[in-house]
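A.B. asks:
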Amino acid sequence: MSLRWWLSIMIALAGRLSAGSQAPTAATPVPTVTVPVNTGPVAPAAAPISSQQCYAGGATAVSVVSRQNASGHWLGDAWVERPAPPGRPLGALSLHLSHERRRCGDASTVVMHLKLEGPPSPVPPDYHLFGGLGYYKAHPERLSWLEAKKVCEDEGGHLVILNSQEEADIIKNLAASLGGVILVGVHDMFSDGKFVTVHGEPLETTGYANWKQNEPNGGKNENCVNIYASGLLNDLSCDKSKYAFVCEYPPL
Ligand SMILES: *[C@@H]1O[C@H](CO)[C@@H](O)[C@H](O)[C@H]1NC(C)=O
Ligand SMILES: [Ca+2]
């Protein structure tokens, strides 16, 4: 099972230098562009990432600056910062950089290309990568939501959080093979009706919040959440209802 982790940034700085004219224009304006990296969400219009600040975004931040300075030297800088679970080793990364002039008709551009590739990070035993989305471990043993949460955390993971229809499809198929119900990492223990993930993120912003019709219906008696094999969500008791569960370990 080998996940190839890569990112690729291409910056085309349109110098619009015609074929004959070699003299660079002094103090070209500094364009800053944001480009998608990998498949995760991308932070909008990231400024150059300062090492003085803590990175707080849940998305990948990319900042690229490319310019010619007053003496005509080409200068480029690229920063990429993405969230990563604490304590995960990165492994050896290989980095390839190239720089070339590209012509298209009588327009000319300068292209900087950065390519990074590294092996997958080690994962706990029995976690399997599904669809490039994350590493999952199915637990067929029936536990309460609170017990299941602890088992996942003790393994270094967390109760599964659904971030897309694609991910929900994987987990609902697991639910079908594990008795029809899977506990997921969402609850409203802190404020009734305000469902949040085990990381504290509001359910509505996770990317998947499809409740079964007439759910959630448990009020203060049902503060934890499961998914059915239908893919729909339900609230249930955190300590009395015992079901199978899935632990998740994020990629990278
Ligand atoms: C332009 O950048 C080059 C390379 O960093 C540097 O040597 C040169 O002094 C710079 N020119 C000006 C005018 O800042
Ligand atoms: Ca319910």
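Mind the numbering: the sequence shown is residues -19 to -1, 1 to 233 in mature numbering (1 follows the signal peptide of the UniProt record, and there is no 0), read in order.
Using N, Cα and C, we set each Cβ at its ideal position, and we do this for glycine too.
So, do the region 198 to 218 and the region 162 to 175 have three or more beta carbon pairs nearer to each other than 8 Å?
C.D. replies: Touching, yes, given that three or more Cβ pairs across the two stretches are closer than 8 Å.
A.B. asks: Give me whichever residues DSSP pairs with K118 in a beta bridge.
C.D. replies: Beta-bridge pairing links K118 to C228.
A.B. asks: Looking at the C-beta of L214, does it have a partner C-beta in chain C at a distance below 8 Å?
C.D. replies: No chain C appears in the structure shown, which is made up of a single protein chain.
A.B. asks: Would you mind reading off the limits of the alpha helix (DSSP H) that contains L213?
C.D. replies: Where L213 is concerned, there is no enclosing alpha helix (DSSP H), given that its DSSP letter is neither H nor E.
A.B. asks: Please give me, in chain order, every unbroken run of the beta strand (DSSP E) with length at least 3 that falls completely inside the region 78 to 105.
C.D. replies: If we require 3 residues or more, the beta strand (DSSP E) runs fully inside the region 78 to 105 come out as 88 to 99.
A.B. asks: State yes or no: is the C-beta of S137 nearer than 7 Å to some heavy atom of ligand 2?
C.D. replies: Residue identity check: residue 137 is Gly in the sequence provided, not Ser. Because no heavy atom of ligand 2 lies under 7 Å away, the Cβ of G137 does not count as near it: no.
A.B. asks: Bridge partners for T178 per DSSP, in chain order?
C.D. replies: Looking at the DSSP assignment, T178 forms a beta bridge with V167.
A.B. asks: Mind checking L214: buried by the 16 CB within 10 Å criterion, or exposed?
C.D. replies: With 16 or more Cβ atoms within 10 Å of its Cβ, L214 is classed as buried.
A.B. asks: For Q194, name the three-state secondary structure that DSSP assigns.
C.D. replies: Coil at Q194, not helix or strand.
A.B. asks: Taking Cβ to Cβ, would you say K223 is nearer than 8 Å to L140?
C.D. replies: Going by C-beta atoms, K223 is not nearer than 8 Å to L140.
A.B. asks: Measuring only from the beta carbon, is L159 closer than 7 Å to any heavy atom that is part of ligand 1?
C.D. replies: No, since every heavy atom of ligand 1 falls outside the 7 Å radius drawn around the Cβ of L159.
A.B. asks: Under DSSP, the alpha helix (DSSP H) around V61 begins and ends at which residues?
C.D. replies: Element bounds for V61: not the alpha helix (DSSP H) but the beta strand (DSSP E), 55 to 62.
A.B. asks: Looking only at C-alpha atoms, which of S145, L164, K96 sits nearest to E128?
C.D. replies: When each option's Cα is compared against that of E128, the closest is L164.
A.B. asks: Using a threshold of 7 Å, is the CB atom of S47 nearer than that to any non-hydrogen atom of ligand 1?
C.D. replies: Outside the cutoff, so no.
A.B. asks: Which of helix, strand or coil does DSSP assign to L74?
C.D. replies: Coil, per DSSP.
A.B. asks: Hey, V227 and I152: beta-carbon distance below 8 Å or not?
C.D. replies: Closer than 8 Å, so yes.
A.B. asks: How close, in whole Å, do the beta carbons of S145 and Y189 come, if the pair is a contact with beta carbons under 8 Å?
C.D. replies: The pair is a contact, with the Cβ atoms about 6 Å apart (cut-off 8 Å).
A.B. asks: On the three-state DSSP scale, how would you describe residue 270?
C.D. replies: Since the first residue shown for the chain is -19 and the last is 233, residue 270 is missing from the structure and cannot be characterised.
A.B. asks: Just confirm the distance between the C-beta atoms of P183 and E136, as a whole number of angstroms; I'd bet it's less than 8 Å.
C.D. replies: Between E136 and P183 the Cβ distance is about 26 Å, and since that is not below 8 Å, they are no contact.
A.B. asks: Flag this pair as yes or no: are the beta carbons of Y116 and Y209 separated by less than 8 Å?
C.D. replies: Result no, Cβ atoms of Y116 and Y209 do not sit closer than 8 Å.
A.B. asks: Is any heavy atom in ligand 1 found nearer than 7 Å to the beta carbon of H54?
C.D. replies: Because some heavy atom of ligand 1 lies under 7 Å away, the Cβ of H54 counts as near it: yes.
A.B. asks: Taking the C-alpha atoms as reference points, what is the distance between D58 and S75?
C.D. replies: C-alpha separation (whole angstroms): 18 Å.
A.B. asks: For ligand 1, is there any heavy atom lying closer than 7 Å to the beta carbon of N50?
C.D. replies: Yes, the beta carbon of N50 sits closer than 7 Å to at least one heavy atom of ligand 1.
A.B. asks: Distance check for H54 and T13, CA to CA, integer angstroms please.
C.D. replies: The predicted model places T13 with a pLDDT of 44, which falls under 50 and marks its position as unreliable, so this point remains unresolved.
A.B. asks: Pull the bridge partners of L124 from the DSSP assignment, please.
C.D. replies: L124 pairs with Y224.
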